[in-house]
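Down below is the structure, laid out as structure tokens.
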Amino acid sequence: MLHTFVAYVEDLPGVLTRVASLFRRLNININSLTVGRSERPGLSRLTLVCDASAEAGHRIRASLFKLENVVDVDDIAKDPAVTRELALIKVAATPASRSQIFDLVEVFRARIVDLTSESLMIEMTGVESKIEGLIEVLREDDGRILEICRSGKMTMRRGCHVSSVLKAMGAGTEESTEAETEHTESLDVIPSETE
Amino acid sequence: MGTNATTQAANAHLTTPTRLTGAEIVWATLVGEDVETVFGYPGGAILPVYDALRKFPIHHVLVRHEQGASHMADGYARASGKVGVAMATSGPGATNLITGIATAMLDSIPIVCITGNVSSKVLGTDAFQEVDITGITLPVTKHNFLVNRTEDIAPAIRLAFQIAQSGRPGPVLVDITKDAQQGTAIFDFAAAKPHPYRPHPMLRVEDSGLAHAAELIRNAKRPIILAGHGVSESGAMEQVRTLAERAQIPVALTLLGLGNFPASHPLSMGMMGMHGESWVNHAIQEADLLIACGMRFDDRVTGSTSTYSLKSKKIHIEVDPAEINKNIKVDVALVGDLREVLEQLLPRIASRDGSEWIKTIETSKGASAVRDIKNLPDLGHLYAAHVIHDIWRITGGNAIVVTDVGQHQMWEAQYFHHEHPRSLVTSGGLGTMGFALPAAIGAKFACPEKEVWVVAGDGGFQMTAAELSTIVQEKIKINIAIINNGFLGMVRQWQQFFYDSNYEATPLISPDFVKLADAHGIQGRAVRTRAEVVDAVAEARSAPGAFLLNFMVEKEESVYPMIPAGSALHEMILRPGKDPLLETPDDK
């Protein structure tokens, strides 16, 4: 099954190697990995998606926590969350064939962000299936797609959720977390089979 | 060792922030971390550090190969429970440490390795003796640091010590560029103190888990405690013993657990697993409850996991959350420091009658004890088991025994009965040949008052035999027993059992070890018959300096019983049925 981990890691050289190396050692392929700055100074936030057995989630999370530079790890599992991906797609299009693509872009609620006499670039944000859908339709015309660049998935839990680890570190944002009701963490040591 | 003046000066640095060179900061920080001995080998990129050594009260042991340095630091840590420190230069010096680092990683041993690296200006340019040692050691260290600023040296080393010892211990490497060693910075030991150690966020000992565990123990008919290395790491010997005695539960030990529960205790079953006694493994297969304390269900312990102890419920008390359900699925996981967990659990444990189960186990011992090699008559042959057993008897079991890896290691585990934790130093997880001699040197520095024995095979001994010179240079007393069978014995045994006795690349010509010792200025003696063993061991013990005994044992003897790799625990190869002639007088 697909596992999605959201982690806060120290923004230092070599930290990504340590994270990636763990998956290499466990012989697990990383499907997608996005990293960027977080709301906390000095900490990067990453979303990592990988394919592994259902029971592996616990061990992966526990092993990630063992890395000294990893501050927090959240296993999203099947909890309510928003996942998005950004794609830039460059397609061959002459003035004559543009209008058809404009229609497609409209239907998929994407945007044109670059336009030349021979090509145009589409920017699209959405869930994976929606991006796949647009690409599929664009592929109906052979050789039309010139380049695809995809960001990989970014995930955030729905609702108010502060992990005990981040809570212990204090507020990272300007807004106070006082009024928040804490989402109960699923920290069970033995995940049930059905999880 | 430094003079009083250097000690005073070094102590003054610890209390008064002073401007020092990076090299001086390395030593000053080590002094602050209570390091007395460092095992190392100098070279270009670490020379500034060596140049500053004379100003500090730390004893440096010059090794003959950097692998020896990391094994010595490891042996020091295993024997003392403190952090061992190894030092090497960049490039080949650093890469030579790796086998020792991996050995410490697999057995969770706290060591700190300090390496020099080329100047930060040329990092990444393939400069002379440059190697990306932090990259290389990433999977075999708990953590590592590349330090290229002088002011970062003290915080990095202090954090390295904290990481090495905390949670599940392990090795940490600190790589320091030459310019960082040569630069200066204000050394403020107190300010360099790391943040308090943050326990693994997934540690969890819940009331419901404790209650469940207590209930399982109360209702069990055939319980067994499996005690591992974590017992001594956590200092939980008393708690495990209390649990065993109060609930009358027999205790089986892993290889690294030997000594963590006294072998002479009536509830001690000895070693489990691949070369454990068959009745121990049968008992584990028949058990209805396993209480795993600080052990990780290694494949050498479980055999085939799909057939492992299927009738039992399992309680796992373990400090590393990543070990839970890794190899064996458990019913109750109490994830935390073993001693703390047991202290919480013990008030819930009432005394219990375990006599029926204990009697069943006792009965099952029967025949296997009779076929035991130590019960064979002396027909002039010399068996390794006899040698080990005699060393145990003569030393009263009070020595620290440091083994290499192979047949002799398993015979040691079977025939030397360990009463105390840290009395057996052995490479279990990585199975590193060449470990014994350097690790014994480290153990001797950790416990100079203790008698230290090396037990090594003729193969493994030659891997690090150069450290004999280190023994002489350091004037230390170590007794060395080479179990010499002219083969890479354990590999030969596997060839005999699983490869049609095709002894490819296992017969081994060795030097005359007694002459080799003599060339180093170490006394020695060859032993060929059982009748000589007691006298030879006594001679080694009474000799003022190091002493080497070359035991010429039976060439093609195998270690029994044995679970073939990947087989079930009950599918053991038993000792061949020799005539059950009992020896007199009995060894005891």
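Residue numbers (this note's numbering), protein chains in the order written: chain A, 75 to 269; chain B, -3 to 584. By construction, the Cβ of each residue, glycine as well, lies at the ideal position given by its N, Cα and C atoms.
Check: Can you tell me whether A:S191 is buried or exposed, with buried defined as 16 or more other CB within 10 angstroms of its CB?; Outcome: exposed
Check: With B:G112 and B:S86 assumed to form a contact (beta carbons below 8 Å), what rounded beta-carbon distance in angstroms separates them?; Outcome: 5 Å
Check: Taking 8 Å as the CB-CB limit, is A:M75 close to chain B?; Outcome: no
Check: Taking DSSP's pairing of strands, which residues face B:N475 in a bridge?; Outcome: B:W449 and B:F543
Check: By DSSP, does A:E248 sit in helix, in strand, or in coil?; Outcome: Note that A:E248 scores 45 on pLDDT, short of 50, meaning its location in the model is unreliable; the coordinates nonetheless yield the value given after this. Coil, per DSSP.
Check: Enumerate in chain order the residues of its own chain whose CB-to-CB distance from B:A462 is below 8 Å, with the five nearest sequence positions on each side excluded.; Outcome: R60, H61 and G64
Check: Tell me, please, whether the CB atom of B:M68 is closer than 8 Å to any CB atom in chain A?; Outcome: no
Check: Cβ closer than 9 Å: which chain B residues qualify as neighbours of A:R231?; Outcome: Near A:R231 there are no residues of chain B at all, since even the closest Cβ is about 17 Å away, more than 9 Å.
Check: Any Cβ of chain A within less than 8 Å of the Cβ of B:I159?; Outcome: yes
Check: Checking 8 Å against the spacing of the C-beta atoms, do B:S423 and B:F431 come in under that value?; Outcome: yes
Check: Give a yes or no on contact between the stretch 247 to 255 of chain B and the stretch 267 to 286 of chain B, applying the rule of three or more CB pairs nearer than 8 Å.; Outcome: yes
Check: Helix, strand or coil for B:M233? Go by DSSP, reduced to three states.; Outcome: helix
Check: Output, in sequence order along the chain, the residues in the stretch 118 to 138 of chain A whose CB is closer than 8 Å to any CB in chain E.; Outcome: Although the question refers to chain E, the structure presented lacks it and instead comprises the protein chains A and B.
Check: Hey, could you find the ends of the alpha helix (DSSP H) B:N277 is sitting in?; Outcome: S274 to E282
Check: For A:L90, which residues in the same chain have their Cβ closer than 7 Å to its Cβ, ignoring the five residues on either side in sequence?; Outcome: V109
Check: At what residues does the alpha helix (DSSP H) containing B:M459 begin and finish?; Outcome: D454 to M459
Check: Does A:T258 come within less than 8 Å of chain B when only Cβ atoms are used?; Outcome: Annotation note: pLDDT 42 at A:T258 (below 50); position unreliable, coordinate value reported separately. No, because no Cβ of chain B sits closer than 8 Å to the Cβ of A:T258.
Check: Rounded to whole angstroms, what's the CA-CA distance from B:N323 to A:E129? Just pull it up for me.; Outcome: 11 Å
Check: What does B:L602 touch in chain A if you count any residue whose Cβ is under 9 Å from its own?; Outcome: Coverage of chain B is limited to positions -3 through 584, which leaves residue 602 of chain B absent and any answer about it impossible.
Check: Is the distance from the Cβ of B:P165 to the Cβ of B:I97 below 8 Å?; Outcome: no
Check: Using only alpha-carbon positions, find the residue among B:G362, B:N481 and B:V448 that is nearest to B:E630.; Outcome: Nothing about residue 630 of chain B can be reported from this structure: the residues present for chain B run from -3 to 584 only.
Check: So with Cβ pairs under 8 Å, would you call B:H196 a contact of chain A?; Outcome: yes
Check: Mark A:C124 as exposed unless 16 or more other C-beta atoms lie within 10 angstroms of its C-beta, in which case mark it buried.; Outcome: buried
Check: Under the criterion of a Cβ to heavy atom distance below 7 Å, does B:L544 qualify as lining the ligand GTP?; Outcome: Among the components of this structure there are no ligands whatsoever, and the ligand GTP is therefore not found.
Check: Taking C-beta to C-beta, are B:Q161 and B:P106 nearer than 8 Å?; Outcome: yes
Check: With a CB to CB cut of under 6 Å and the five nearest residues on each side skipped, what residues in its chain are close to A:D262?; Outcome: Caution is warranted here: a pLDDT of 43 is assigned to A:D262, below 50, making its placement in the model unreliable, and the coordinate value is therefore given only provisionally. Around A:D262: no qualifying Cβ.
Check: Among the candidates B:I479, B:S308 and B:K473, whose CA atom is the shortest distance from the CA of B:G455?; Outcome: B:I479
Check: What is the DSSP secondary structure of B:Q125, reduced to helix, strand or coil?; Outcome: coil
Check: Count the other C-beta atoms from every protein chain shown that fall within 10 angstroms of the C-beta of B:Y46, then say buried if there are 16 or more, exposed otherwise.; Outcome: buried
Check: Can you name the residues of chain B whose CB is closer than 7 Å to the CB of A:V239?; Outcome: P197
Check: Would you kindly check if the distance between the Cβ of A:G116 and the Cβ of A:D85 is under 8 Å?; Outcome: yes
Check: Rank B:I569, B:P88, B:L239 and B:A69 by C-alpha distance to the C-alpha of B:G438 and give the top, closest one.; Outcome: B:A69
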